[in-house]
Amino acid sequence: MPLHVCVVGSGPAGFYVAKKLLKRFDFARVDILERLPAPFGLVRSGVAPDHPETKVVINQFSRTAEDERCRFFGNVCLGTDVSLEELRKIYHVVVLAYGAESDHRLGIPGEDLEGVFSARQFVWWYNGHPDGKDLPINLNNVETAVVLGQGNVALDVARILLRSPSELSSTDIAEHAVKALRTSRIRKVYVVGRRGPVQAACTAKELREILGLKGVEIVINEADLQTTDCDLEELQSSRIHKRVFDLFCKSATFTKCAGRDKQLQFVFFRAPVSLLAAEDGIHVRGVHLQKTRLEGNNPRKLVGTGEFEELDCGLVLKSIGYKSLPVPDLPFDHKKGVVPNYFGRVRSSDATNETERGLYVAGWLKRGPTGIIGTNEVCAQEVVTSIEEDVNRAVVSNLKEVPGSVGLESILSEKNKRYITFEGWERLNETEMEKGAVKGKPREKIVGIDEALAIGLAKEKE
Amino acid sequence: MSLSAAARRSLAQRCSHLRRESPLLWCHRSSAPQEHDLGSRRPPQPWSSRLRSRAFSSPSAASEQDKPKISVTFVDKNGSEKSIQVPVGMSMLEAAHENEIELEGACEGSLACSTCHVIFMDEELYQKLPEPSDEENDMLDLAFGLTETSRLGCQIIAKPELDGMRLALPPATRNFAVDGHVPKPH
Numbered sequence: 024m025p026l027h028v029c030v031v032g033s034g035p036a037g038f039y040v041a042k043k044l045l046k047r048f049d050f051a052r053v054d055i056l057e058r059l060p061a062p063f064g065l066v067r068s069g070v071a072p073d074h075p076e077t078k079v080v081i082n083q084f085s086r087t088a089e090d091e092r093c094r095f096f097g098n099v100c101l102g103t104d105v106s107l108e109e110l111r112k113i114y115h116v117v118v119l120a121y122g123a124e125s126d127h128r129l130g131i132p133g134e135d136l137e138g139v140f141s142a143r144q145f146v147w148w149y150n151g152h153p154d155g156k157d158l159p160i161n162l163n164n165v166e167t168a169v170v171l172g173q174g175n176v177a178l179d180v181a182r183i184l185l186r187s188p189s190e191l192s193s194t195d196i197a198e199h200a201v202k203a204l205r206t207s208r209i210r211k212v213y214v215v216g217r218r219g220p221v222q223a224a225c226t227a228k229e230l231r232e233i234l235g236l237k238g239v240e241i242v243i244n245e246a247d248l249q250t251t252d253c254d255l256e257e258l259q260s261s262r263i264h265k266r267v268f269d270l271f272c273k274s275a276t277f278t279k280c281a282g283r284d285k286q287l288q289f290v291f292f293r294a295p296v297s298l299l300a301a302e303d304g305i306h307v308r309g310v311h312l313q314k315t316r317l318e319g320n321n322p323r324k325l326v327g328t329g330e331f332e333e334l335d336c337g338l339v340l341k342s343i344g345y346k347s348l349p350v351p352d353l354p355f356d357h358k359k360g361v362v363p364n365y366f367g368r369v370r371s372s373d374a375t376n377e378t379e380r381g382l383y384v385a386g387w388l389k390r391g392p393t394g395i396i397g398t399n400e401v402c403a404q405e406v407v408t409s410i411e412e413d414v415n416r417a418v419v420s421n422l423k424e425v426p427g428s429v430g431l432e433s434i435l436s437e438k439n440k441r442y443i444t445f446e447g448w449e450r451l452n453e454t455e456m457e458k459g460a461v462k463g464k465p466r467e468k469i470v471g472i473d474e475a476l477a478i479g480l481a482k483e484k485e
Numbered sequence: 005m006s007l008s009a010a011a012r013r014s015l016a017q018r019c020s021h022l023r024r025e026s027p028l029l030w031c032h033r034s035s036a037p038q039e040h041d042l043g044s045r046r047p048p049q050p051w052s053s054r055l056r057s058r059a060f061s062s063p064s065a066a067s068e069q070d071k072p073k074i075s076v077t078f079v080d081k082n083g084s085e086k087s088i089q090v091p092v093g094m095s096m097l098e099a100a101h102e103n104e105i106e107l108e109g110a111c112e113g114s115l116a117c118s119t120c121h122v123i124f125m126d127e128e129l130y131q132k133l134p135e136p137s138d139e140e141n142d143m144l145d146l147a148f149g150l151t152e153t154s155r156l157g158c159q160i161i162a163k164p165e166l167d168g169m170r171l172a173l174p175p176a177t178r179n180f181a182v183d184g185h186v187p188k189p190h
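Residue numbers (the working numbering), protein chains in the order written: chain A, 24 to 485; chain B, 5 to 190.
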């Protein structure tokens, strides 16, 4: 009898789980749901346009989707089109892998001024995510941007603001974004962290790339590179931090070259206190910061020094972490923004050891919004191992008959909800590549939902 | 201070041990970070398309057969071993895939991931490899279960001196669910 599985979310988490389930169980039938017309999650809408080699993993995910035991259902949204309760009735196993589509807030005054966005919104905008195209961003009147946070997403957004638009125009960047960047007046970007270069969350590859960015002067205050004994201990125990710190050191020692018209400045030991409004009271004009210091040992505490300063700017991008969204009937830890789980098995609440039969989580919804694409492979292995144990112990409904795909199709057709198959995505994919080829781009992303659906749903009626 | 290329390589080799111990010795003041010109930096062609083009062009297919081969053994996380013959010049990632060994290669050899991470079981043979590039080290930073003899499979190219090498596939999971284990608070 088939093992009917529904995976919600078609990013790396969802696809690695599907891949491993199909490998482990010959009798698995895996349906992958995706609320957007196009699959692949953050590989498509998160990875920066100038990092095409990071997107090669799509080839592997496509091979999984093409397995005859796997079906892709695009344009189907958990909550709106089908409820979690319904899915749990018609599948033996449901794996939620829908990631993190919201943001941590700073919780400071001025956060809702115009010109203040989360990095996620800006990334969705330049990556042609359908929900990001209408971002009210204006780069024509802005000379300075402040990015809050020093992780890889912070470096991505800083780099896209500073890279020459002519270089970006041969990537898969969204057309509306490269148009706006061509007339951008931004010449200076600050990347601000609350702690020091020893604690910076970015990794070596991304830092190395931005430090070598053509036409951009790098500014680092050498005083920020002083290390304490605690810092040295931290560096000793982490290869990643050691190599990142080394790159900051190397960069700070070089004499600045004249003739570079853009600047990237790393600001350390500054915590945002408020975002300042311009005279109109509507737009952001600056960031009010407090100098910080790390104190103590094990654990080290971040404290304010009582000294303040301001950075003038017309654009603020908050890159302080993504956050998952809850859905009805799903246990959720609102503080951490994840689903409480035991090796991927959803726990009935974070106060109990009981788990929900047949319900699992994978990816950022399980672990929080950290790690790289490959992290999901390890994560998926853990979840699939849990599923395997539960199937072997007949914990999963003693494998009684459930309708699986047929049940889902019935629910969707009752609502007149049309879904995009993987063949439909391949049509959309071909169209994007053809449109891109004309402009010397690998693809021209179709950003409007209606246009994407028109192509993806064509000829679906049998 | 400026050093010749040969002297830099020799210094790098001698410093590699120190580099793992002391972060401050790493602050080389001698070379500038390279500027990235996106226009001239082309992403490496994914190995899968290189493999396909090799299979379909007869002259190179014939020469693959004629190339000398070395013996390589892959050991999976359960201890199962598989020994294969690898033509000189082929990467371990390609060799694994050609022999249906489960070595993940998400970026297909473009140095954009760490999923083809393998562990050398013989330190002597590990020392015979050229030093990893900065780009490979950047990816090794992120590999799970990194060891002193870890390398990326896509960067290990078969050569006669590596005959007999044994490569361990790192365990895929960090956490092992054990029956009866009480779940920790999340």
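Yeah, the Cβ is synthetic: ideal placement off N, Cα and C, and Gly gets one too.
Using DSSP's beta-bridge definition, name the partner residues of residue i.
i       : result
S189(A) : None; S189(A) has no bridge partner.
Q89(B)  : S75(B)
Y213(A) : V169(A) and Q288(A)
L317(A) : L325(A)
H306(A) : E137(A)
D335(A) : G309(A)
R370(A) : T378(A)
Among the candidates the options, whose CA atom is the shortest distance from the CA of residue i?
i       : options                               : result
L173(B) : K86(B), D70(B), A162(B) and S75(B)    : K86(B)
R111(A) : F38(A), V28(A), P75(A) and R205(A)    : V28(A)
P60(A)  : I434(A), L45(A), V169(A) and F96(A)   : F96(A)
L234(A) : F268(A), C253(A) and G304(A)          : F268(A)
C225(A) : V461(A), G394(A), K440(A) and I478(A) : G394(A)
A100(B) : P175(B), C158(B), D167(B) and K163(B) : C158(B)
L480(A) : V461(A), L451(A) and T315(A)          : L451(A)
T119(B) : S95(B), P134(B) and C111(B)           : C111(B)
M143(B) : E190(A), Q144(A), K228(A) and S193(A) : K228(A)
D73(A)  : A475(A), S207(A), R466(A) and L107(A) : R466(A)
F331(A) : E318(A), Q313(A) and A123(A)          : Q313(A)
A36(A)  : N399(A), K265(A), A300(A) and K389(A) : N399(A)
D157(A) : L171(A), K341(A), A294(A) and A200(A) : A200(A)
F289(A) : D126(A), L431(A), R182(A) and R47(A)  : R182(A)
Using a Cβ-Cβ cut-off of 7 Å (strictly less than) and excluding sequence neighbours within five positions of residue i, which residues of its own chain qualify?
i       : result
A41(A)  : V30, V53, I55, T87 and C93
C272(A) : L248
R128(A) : E134
V169(A) : Y213, V215, V310, L334, C336 and V339
C100(A) : R58
Q173(A) : V214, G216, A223, A224 and C225
K468(A) : G151, D195, A197 and E455
L129(B) : L166 and M169
Can you find the residues in the same chain that come closer than 6 Å, C-beta to C-beta, to residue i, ignoring five residues on each side of it along the sequence?
i       : result
P349(A) : F355
A71(A)  : D179
K132(B) : E165
K43(A)  : A403 and V407
Per DSSP, what kind of secondary structure is residue i in: helix, strand or coil?
i       : result
F355(A) : coil
S62(B)  : Low confidence applies here, because S62(B) scores a pLDDT of 45, under 50, leaving its location unreliable; read the following figure in that light. It is helical.
V180(A) : helix
G157(B) : helix
T487(A) : The structure shown does not extend to residue 487(A), since chain A is modelled only from 24 through 485, so no value can be given for it.
N82(A)  : helix
V221(A) : coil
L110(A) : helix
S409(A) : helix
L299(A) : strand
H27(A)  : strand
K156(A) : coil
V99(A)  : coil
N364(A) : strand
G37(A)  : helix
K81(B)  : coil
K42(A)  : helix
Under 8 Å Cβ to Cβ from residue i, same chain only, skipping five residues before and after it: list those, please.
i       : result
R283(A) : G238, V239 and E240
S371(A) : P354, E377, T378 and E379
Note down, in chain order, every chain E residue with its Cβ under 7 Å from the Cβ of residue i.
i       : result
F148(B) : Of the chains in the structure shown, none is chain E; the protein chains are A and B.
Could I get the ranges of all uninterrupted alpha helix (DSSP H) runs contained in the region 83 to 132 of chain B, with 4 residues as the minimum, in chain order?
96 to 102 and 127 to 131
Counting only runs that start and end within the region 120 to 153 of chain A, where is the beta strand (DSSP E) found for 3 or more residues in a row?
139 to 141
At which residue ranges does the region 429 to 469 of chain A contain complete beta strand (DSSP E) runs of 3 or more residues, listed in the order of the chain?
Complete beta strand (DSSP E) runs here, min 3: none at all.
Fully enclosed by the region 53 to 78 of chain A, which alpha helix (DSSP H) runs are 4 residues long or longer?
As far as the region 53 to 78 of chain A is concerned, its whole alpha helix (DSSP H) runs of at least 4 residues are 64 to 68.
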